[in-house]
Amino acid sequence: MEYFKSGLKSVLGAPQDAQQPTAAETVEKLVDRVQTSTLLDDRRDACRALKALSNKFRLEIGAQAMDALIRVLECDRSDNEILGYALEAICNVINGPRDDESPDYVYGSGDDLGLQFTEIFIKKSENVTLLLELIEEYDFKVRWPIVRLLSGLLSHRPKELQECILVSPMGVSRLMDLLSDTREIIRNDTLLLLEHLTKSNANIQKIVAFENGFDKLLSVISDEGYSDGGVIVGDCLRVMLTLLKNNTSNVTFFKEGSYIKHLTPFFDLQDSSERGWTQQKAMNTLIMLQIVRVLASPNNPQQVTVAAQKDMFQCGLLEQLCLILMASGVPADVLAETINTVGELIRGNHGNQEYFSTVCAPTTPPKPAIVVLLMSMVNDKQPFSLRCAVLYCFQCFLYRNELGQAQIVQTLLPSTADVNTITVGQLLCGGLFSMDSVSNWFAAVALSHALVDNPTQKEQLLRVQLATSVGNPAISLVNQCAMMLQQGGKLQTRLGLLMLMSTWLAHCTIAVMQFLSIPTNIPFLTSQVNLAEGDENEDLVQGICAFLLGICIEFNDNSQPSFTKDDLCQLIVKRIGLETFLDKLVAVTKNENYSRAAQNPHLKFKQPSEVLFDFEFCRLFKSLEGTVIKAVQPKPKLLNGPESSMTPEQQELLRQYKDLIREQDQQLHELKSEISELKSQYELSKTQVEDMTSTIQQLKDQNALFKAQRSVSGNNSSQEVLQLKQEIEQLKHQCDQQQLEIKAKNEEISQKEAMSLPVESVEKTSEPNEEVIKKISDLESQLEACHKEISSLKEELNETQEKLLKVPTSETNSSALQETNEQLTEECDSLKEQLATVKKEQEDILILLTEQSDQIAIYKKRLRNLGETVEDDDDSINDESDDFGNDINELKDEVPSD
1 MEYFKSGLKS VLGAPQDAQQ PTAAETVEKL VDRVQTSTLL DDRRDACRAL
51 KALSNKFRLE IGAQAMDALI RVLECDRSDN EILGYALEAI CNVINGPRDD
101 ESPDYVYGSG DDLGLQFTEI FIKKSENVTL LLELIEEYDF KVRWPIVRLL
151 SGLLSHRPKE LQECILVSPM GVSRLMDLLS DTREIIRNDT LLLLEHLTKS
201 NANIQKIVAF ENGFDKLLSV ISDEGYSDGG VIVGDCLRVM LTLLKNNTSN
251 VTFFKEGSYI KHLTPFFDLQ DSSERGWTQQ KAMNTLIMLQ IVRVLASPNN
301 PQQVTVAAQK DMFQCGLLEQ LCLILMASGV PADVLAETIN TVGELIRGNH
351 GNQEYFSTVC APTTPPKPAI VVLLMSMVND KQPFSLRCAV LYCFQCFLYR
401 NELGQAQIVQ TLLPSTADVN TITVGQLLCG GLFSMDSVSN WFAAVALSHA
451 LVDNPTQKEQ LLRVQLATSV GNPAISLVNQ CAMMLQQGGK LQTRLGLLML
501 MSTWLAHCTI AVMQFLSIPT NIPFLTSQVN LAEGDENEDL VQGICAFLLG
551 ICIEFNDNSQ PSFTKDDLCQ LIVKRIGLET FLDKLVAVTK NENYSRAAQN
601 PHLKFKQPSE VLFDFEFCRL FKSLEGTVIK AVQPKPKLLN GPESSMTPEQ
651 QELLRQYKDL IREQDQQLHE LKSEISELKS QYELSKTQVE DMTSTIQQLK
701 DQNALFKAQR SVSGNNSSQE VLQLKQEIEQ LKHQCDQQQL EIKAKNEEIS
751 QKEAMSLPVE SVEKTSEPNE EVIKKISDLE SQLEACHKEI SSLKEELNET
801 QEKLLKVPTS ETNSSALQET NEQLTEECDS LKEQLATVKK EQEDILILLT
851 EQSDQIAIYK KRLRNLGETV EDDDDSINDE SDDFGNDINE LKDEVPSD
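When we follow the UniProt record's numbering, the leftmost residue of the sequence shown carries the number 1, and every step to the right adds one.
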């Protein structure tokens, strides 16, 4: 201890006349004491001193004491105090001091130092495994430093530590157990640890999910008060979001585990307007909305998304989100994220879309939620993120919803509805023709989604007439859009109108013909495409104009004499140039904004200047780009061919032959396809026949084998039955003989009992005679029991014989014969047991009779000794008794043994 005290003096301060050791020397002495001391108290004191020095002298402790401290963790597991000191020292070396305890320590200089020591520590994966084994220790001094140490290691080298934990047996499971720790500080730090541990590692995410991670996280969220909880709820939600994001397996597991219904209480915000929205509450709600969106994301497999949407509707989650959407006092960012979430819950789901169309705002009179949302979308005073969210929700409502598309277009057509009622059509037209370019783009894109993959509504929209001013005739929507397009305007306005017209005219010949009926449209498009190259955004306008011009060629039925397909193609070649046209078209797909918009239907615009392309338009452009390029290519013509010299009759005849050849060629293709189908069917049938043939052969072989086995078993069973019959006959014969012998012996015994002794002798020997009489009565009762057993054995033998007569012997009844054989074998065994019992009882009777004869001889001898004269009859009795004893011995010899 004196050595240790001297080391502490050097740290705390020594007399000025003594030379003070350096920090490295002090650490070296302490490390030597940790390594060489045999007493646990000495090692513990040295570790305590190293822990105290680790905040200020991280470099010295890490360089000299790291191995010694790890050795302490390995060898001194029985002492939690020394483990705590060692872990705290290593933790300070890796993470730095927890607070500004050392004025000489400069924050920022420890990052590189911690990174270097992290690499040294995890170079051996056994060190991480050691920490995971020690974390099972419940002591706070051990468990909490390990959690902080693992968090520090993750912050420096996340991928390497994730691999170390994965290869460690039960590593993730031990960490998950910490969420059940009753000490909040350990549980909270474990949440932070799991957030970093599960990031960007799908394998660990799956293990955490299957280790009841969702149950434990939802339990903590419930205990903390859902959205009203503090930062702990936010930590749990971030871990849950990390587990689900970009992990389809965990999303499926979450849905199949019925966890979606546990999210519903989180959005029970009826009294939020009274308590207000704190910053943490808003943050918690935003993260939970992101979790819901991950579960119902359109990027998931379709079956997973549809199942999640269905469950969210059934558990009332969609209804609660709609209540939040129509509530007042909700923060703008929360409201925007709620609108995005509702959009993804109804996207492509007809049931949810139908429900959303019935949602109304709590106003007087009630207004449909769609109308209220569109009012915010076309209002340039609303936050930009909120307007984008409304447009996305509206797009999701119309996605694969023909009924919803018809309802939207119907609001644009003339009707007898109340003129004071604001409709969706009025809002869209108001936004389309407003002075705000972003509103123009939003309204044009929203209206285009009412026409996607719906030719019927494209034709219906041609009937829309707009009143320009009092006294002037109404103008069609096509004319109004064309006029606005030709008037120029801002970039978003022109792009929105071009995307609307492209969606409208694609796959709709009637709309193309009406567009071509306006004389100024084609000259405007050709002039735009023919412009010199400008900035990047102007190139986009020129490229989409070229795309719209190509649509007018592809879906043209030549009913407009001024703009037939050939005329438009010649116009492109002469006025624009084919190469220029193609370059303008290809330039659209090379634009970064186009690539970004084509990746995801969700609108991820951060500022109004990014509003350029829509996802559905990008999909349309990609599908028709090749078709448009093919449509504008020049068609080869035979200028000096043989047809030029033919008469009209010959040309008509040639045309008929061409039609015939074309028809025959089509029939030939059909026949070839039928032959290929028949060949495939023939190959399939051939394979089936071969399989059936092999199966039949196997069945034949099995049948022959069964017949052979049945024949053998039939012969064997017949022989066994005959043997059993013989054995039963022998047993029956033996029983009859024994019964006769027992009957004869009984008669002899009765005759001897009938013989009485002289009165004087009987009086003198009353006691022995009473014993004899009692034994004789016992023997008689035993004999009667034997008679009964023998009679029962006879009955059983008769029944067995009758059964044997009924046993089938033919080969066709081999199975029945085998069953009967087994029954007979069992009955024979039981009869043998009963016979053995009877033999044993007979032996007991014979033994008693022998004892009785011996007693009679003893009684006679006593009578003679007492001076009694025994008559000649007594002698005969004696002789008879001797004969009876001999008979008994003979009977013993005749009894068969087992």
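Even glycine gets a Cβ: it sits at the ideal position worked out from N, Cα and C.
Distance from the Cα of G329 is smallest, within the candidate group H156, A282, E354, for A282. By the criterion of a C-beta distance shorter than 6 Å, L491 is surrounded in its chain by N537, once the five residues flanking it on both sides are discounted. Runs of the alpha helix (DSSP H) lying entirely within the region 234-267, each at least 4 residues long, are 248-256 in chain order.
Here DSSP, grouped into helix, strand and coil, assigns S476 to strand. Partner residues in the beta bridge of L466, as assigned by DSSP, are I475. C508 sits in coil when the DSSP states are folded into three classes, being neither helix nor strand.
When I675, I475, Q303 are compared, the shortest CA-CA separation from N349 is found for Q303.
By the Cβ criterion, the region 121-129 is not in contact with the region 172-190, since fewer than three pairs of Cβ atoms, one from each stretch, lie closer than 8 Å.
In the DSSP assignment, A361 forms a beta bridge with K367. The beta-carbon separation of L269 and C236, rounded to 18 Å, does not stay under the 8 Å limit for a contact.
Apart from the 5 residues on each side of it in sequence, K261 sits with its Cβ closer than 7 Å to the Cβ of C315 in its chain, given in chain order. Within the region 681-711, no complete alpha helix (DSSP H) segment of 4 residues or longer occurs. Taken atom to atom, the span from the alpha-carbon of G543 to that of K584 is near 5 Å.
Residue nearest to I291 within the set G276, I324, N340, M326 is N340 (criterion: CA-CA distance).
Residue environment: C322 is assigned as buried (16 or more neighbouring CB atoms within 10 Å of its CB, all protein chains considered). Counting of Cβ neighbours within 10 angstroms places G867 among the exposed residues, the total staying below 16.
For E195, the CB contacts under 7 Å within the same chain, skipping 5 residues up- and downstream, are D235, R238, V239, T242 in chain order. Taking every protein chain shown into account, the CB of C396 has 16 or more other CB atoms within 10 angstroms, so this residue is buried.
The way I'd put it, the region 602-610 doesn't touch the region 524-538; fewer than three beta-carbon pairs between them come closer than 8 Å.
In the three-state reduction of the DSSP assignment, H602 falls in the coil class, being assigned neither a helical nor a strand state.
L30 places its beta carbon less than 7 Å from that of L50. Q460: member of the alpha helix (DSSP H) spanning 455-461, first to last residue. Taken through DSSP and simplified to helix, strand or coil, N537 comes out as helix. If you compare the alpha carbons of D844, L699, K590, A546 with that of I522, the shortest gap goes to A546. In the DSSP assignment, T285 falls within the unbroken alpha helix (DSSP H) covering 279-295.
Per DSSP, reduced to three states, the secondary structure at F433 is coil, with no helix or strand assignment. Nearest C-alpha to E133 among C164, H156, W144, M170: M170. Counted as a single uninterrupted DSSP element, the stretch harbouring M170 is not any alpha helix (DSSP H), since DSSP gives it neither H nor E. As summarised for the region 181-243, the continuous alpha helix (DSSP H) elements at least 4 residues long and confined to that stretch are 184-197, 202-210, 213-224, given in chain order. Within the region 511-571, the complete alpha helix (DSSP H) segments of 4 residues or longer fall at 521-529, 536-554, 565-571, listed in chain order.
The count of Cβ pairs closer than 8 Å, one atom from the region 44-60 and one from the region 74-92, reaches three, so the stretches are in contact.
Q852 has its alpha-carbon roughly 21 Å from the corresponding atom of V838. One alpha carbon belongs to L317, the other to T264, and they sit about 5 Å apart.
Setting aside the 5 residues that flank it on each side, A406 is surrounded in the same chain by Q457, each with a C-beta closer than 7 Å to its C-beta; the list follows chain order.
A68 and Q35 have their alpha carbons spaced roughly 6 Å apart. A631 places its beta carbon less than 7 Å from that of G550.
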